[in-house]
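The opening position of the sequence shown corresponds to residue 42 in the numbering used here, with each subsequent residue numbered one higher. Remarks on the structure that follows.
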Amino acid sequence: MTGLSGKIIAELVAEVGPVWQARQDARLSDRPRRRAPGAGAKYKLVFVDRLLATLVHLRHSSTHDVLAAWFGVDRSTITRAINEIRPLLADRGCRVEQGIRLRTVADVVAYLDSVRQTALMDATEIRVRRPTVKRAGRHQFISGKSRQNAMKALMITDAQGRVLFCGATTRGSTADITQARQAGVTDWLEHTMAVEILTDAGYQGLGAQTCGQVLTPMLKHHKKRLERMPGIGELRVAQRKSHARRRVRVEHGIAHLKNWGSLARHLGCRESLDDTVRAIAGLLSDQQRIDRPQRKPVAALTASAM
């Protein structure tokens, strides 16, 4: 039902369980006790069931009523459980190595600088509910690309398409390059010179701002101009194809992210979308690192067979 292996779920129980219990104890200790210890209503939904309900909701975008009937509790119990577990999953970050997780753009830039790896960056739009008529700035949610009400999330992956960061959600009308600047990509790249990030044409201009650390495809030129320069047209086409061939893995990473029903079309509150995106990105990174480890290159497989 969740699409995750038993090993990942066991790690989630061991990692998130103590944090959830600590928050519950802190919440109870913040107010004066009015009942004797052990009095009052008992939890009908233990932590493991709360975690599973949240994972199923994120995976299939199941309604709270369906989950309530499945677990035999009230709908409000499921709503409370999801609102408690989802922020804890979002705060975990994305797994890159055993014991190392990336939670912010600054963590991603520092990690890429230390391992000297190429990263891929792109933005993805997630359809959301139409804001109410009386909401100020309602038109800002309309995407200029899809002409639909959407919000945009920034995604950074490694060269194999494994997610390193996903978040920094903004309204759908925000340009890709503006979102990257607001997320602090250019600010953190100023502190390093060894990071290479491949992007699409929507980030034209970041290359000059980051001293060439952000690589964008070459601009298209008019055919009549290329006719005056023999061989230049073929060279530019070959360079654009090579760039697209290297950058396509981030599109695959976005496709894996959209396999989760909550991001195929977000039907919940827009305010909770950022937590949903970061929670699913962390779960997807666990899935990519544990359930689907990196495959050997074709050359290495041929050499081992010989």
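Built from N, CA and C at the ideal position, the CB exists for glycine as well.
{"Asked": "Apart from the five residues just before and just after Ala209, which ones in its own chain have a Cβ nearer than 6 Å to its Cβ?", "Found": "Leu195 and Ala224"}
{"Asked": "Buried or exposed for Lys282, going by 16 or more other Cβ atoms inside 10 Å?", "Found": "exposed"}
{"Asked": "Taking Cβ to Cβ, would you say Ile218 is nearer than 8 Å to Phe206?", "Found": "no"}
{"Asked": "Tell whether a beta-carbon distance below 8 Å holds between Ser357 and Ile321.", "Found": "In this structure the chain extends from 42 to 347, so residue 357 is not present and cannot be described."}
{"Asked": "Take Thr233 and list the residues in its own chain whose beta-carbon comes closer than 7 Å to its own, dropping the five residues that flank it on each side.", "Found": "Val150 and Asp154"}
{"Asked": "Quick one: grab the DSSP three-state call for Ser345.", "Found": "Unreliable placement is indicated for Ser345, whose pLDDT of 46 sits below 50; the coordinate value is still reported in the next sentence. Here Ser345 sits in helix by DSSP."}
{"Asked": "Bridge partners of Arg359, per DSSP?", "Found": "Nothing about residue 359 can be reported from this structure: the residues present for the chain run from 42 to 347 only."}
{"Asked": "With a 10 Å radius around its C-beta and 16 neighbouring C-beta atoms as the bar for buried, classify Ile119 as buried or exposed.", "Found": "buried"}
{"Asked": "Specify, as a first and last residue, the run of the alpha helix (DSSP H) that Thr120 falls within.", "Found": "Arg116 to Ala131"}
{"Asked": "Near His307, what residues of its chain come up, given a Cβ to Cβ distance below 6 Å and the 5 sequence neighbours on each side ignored?", "Found": "Ile167, Val169 and Leu314"}
{"Asked": "Whole angstroms is fine: what's the gap from Val89's alpha carbon to Lys48's?", "Found": "14 Å"}
{"Asked": "Can you tell me the Cα-Cα spacing of Gln328 and Asp163, whole angstroms?", "Found": "21 Å"}
{"Asked": "Does the Cβ-Cβ distance between Leu45 and Leu92 come in under 8 Å?", "Found": "no"}
{"Asked": "Excluding the five sequence neighbours on either side, which residues of its own chain have a C-beta within less than 6 Å of the C-beta of Ile50, listed in chain order?", "Found": "none"}
{"Asked": "Give the secondary structure of Val150 by DSSP, where H, G and I count as helix, E and B as strand, and everything else as coil.", "Found": "helix"}
{"Asked": "Could you work out which residue in Arg288, Phe182 and Val114 is closest to Lys85 when comparing CA atoms only?", "Found": "Val114"}
{"Asked": "Measure the CB-CB distance between Gln158 and Ala221 and report whether it falls below 8 Å.", "Found": "no"}
{"Asked": "Can you tell me whether Arg171 is buried or exposed, with buried defined as 16 or more other CB within 10 angstroms of its CB?", "Found": "exposed"}
{"Asked": "I need the boundaries of the alpha helix (DSSP H) containing Asp106, first residue and last residue.", "Found": "His105 to Phe112"}
{"Asked": "Around the C-beta of Val352, are 16 or more other C-beta atoms found within 10 angstroms, so that it is buried, or is it exposed?", "Found": "Given that the chain is displayed from residue 42 to residue 347, the structure contains no residue 352 and the question cannot be resolved."}
{"Asked": "Whole angstroms are fine: how far does the CA of Leu129 sit from the CA of Ala249?", "Found": "38 Å"}
{"Asked": "Nearest to Ser326 by CA position, among Leu298, Glu312, Cys310 and Arg311, is which residue?", "Found": "Leu298"}
{"Asked": "Among the residues of its own chain, which have a CB less than 8 Å from the CB of Leu256, if the five just before and after it don't count?", "Found": "Glu237, Ile238, Leu239, Thr240, Gly248 and His284"}
{"Asked": "What's the call for Arg68, buried or exposed, on a 16-neighbour Cβ count within 10 Å?", "Found": "exposed"}
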